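Chemist:
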Ligand SMILES: Nc1nc2c(ncn2[C@@H]2O[C@H](COP(=O)(O)OP(=O)(O)OP(=O)(O)O)[C@@H](O)[C@H]2O)c(=O)[nH]1
Ligand SMILES: [Mg+2]
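Residue numbers (my numbering): 132 to 354.
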């Protein structure tokens, strides 16, 4: 990359960071925990959100911001669960940016417990854009292969939580769970790791527990 291009990119990311931190401050003041889901196309992000919605919607208030390059389909799936959802259509851009979240910000109800953001399906670009989240959660689904953490390191080094999803498929795949976990932990020892199957409903209660304890910590800080 030429020096001028690098400077423009740094400026862009710098202004993204500033907007993101304003969003984070405002959401934290309201006591809302924000979670940014990253993962390849088809990793299972929307399915996981659907399962989470089914499990928590009677006790907690959640909303979802969906990012896709085209269609309103994911937002429609979330709305079908009775959860408010906004669809951001990027028209080709491979990631969400904080300013896109900022545009929706005035519509976000102040009494939410959780704001989930599903980023555009991509393991590369979304890793460079802070959206004002408290927790960044990267999904790695078993059909993608156990070697991905070190091939796409930024998604794993910038995340707080790794969800290995579609664990029900492990018996049918050459996916070595220990190897995937070792790869991920070597590049980010602080990762909170969960192994889930949306199909078999396993690991999702533990993931929700993690979000709930993070919400409690955030609210204790506010008290
Ligand atoms: N076997 C299995 N399939 C799953 C699981 N979770 C999701 N799927 C399937 O994986 C496919 C993709 O799921 P989505 O939830 O749409 O994936 P996504 O990450 O939201 O996809 P994009 O938004 O397009 O990036 C669907 O056919 C799901 O039914 C799981 O735990 N096990
Ligand atoms: Mg989706």
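Think of the CB as a built atom: it goes at the ideal place given N, C-alpha and C, for glycine as much as any other residue.
Predicted, not measured: the structure shown is a model, and the values here were computed from it.
Cα separation between residue 283 and residue 255?
Modeler: 7 Å
Chemist: Just grab the DSSP bridge partners of residue 199 for me.
Modeler: 220
Chemist: Residues in the same chain with beta-carbon distance under 8 Å from residue 185, minus the five sequence neighbours each way, listed in chain order, please.
Modeler: 212
Chemist: So, are the CB atoms of residue 262 and residue 293 less than 8 Å apart?
Modeler: no
Chemist: If you draw a straight line from the alpha carbon of residue 328 to that of residue 336, how long is it in whole angstroms?
Modeler: 11 Å
Chemist: Identify which residue in 298, 324, 285, 225 has its Cα closest to the Cα of residue 331.
Modeler: 298
Chemist: Could you check if residue 174 belongs to the surroundings of ligand 1, using beta carbon to heavy atom distance under 7 Å?
Modeler: yes
Chemist: Are the stretch 213-222 and the stretch 263-277 in contact at 8 Å, needing three or more beta carbon pairs?
Modeler: The stretch 213-222, when compared against the stretch 263-277, does not touch it at the 8 Å Cβ threshold.
Chemist: Can you give me the start and stop residues for the alpha helix (DSSP H) that residue 272 sits inside?
Modeler: Not the alpha helix (DSSP H): residue 272 falls in the beta strand (DSSP E), residues 266-272.
Chemist: Grouping DSSP H, G and I as helix and E and B as strand, with all else coil, what is residue 247?
Modeler: strand
Chemist: At a threshold of 7 Å, does residue 329 count as lining ligand 1 (C-beta to nearest heavy atom)?
Modeler: yes
Chemist: Using the Cα positions of residue 349 and residue 264, report the straight-line distance between them to the nearest angstrom.
Modeler: 12 Å
Chemist: Would a C-beta distance cut-off of 8 Å place residue 276 and residue 174 closer than the cut-off?
Modeler: Contact: no.
Chemist: Specify the secondary structure class of residue 258 as computed by DSSP and reduced to three states.
Modeler: It is helical.
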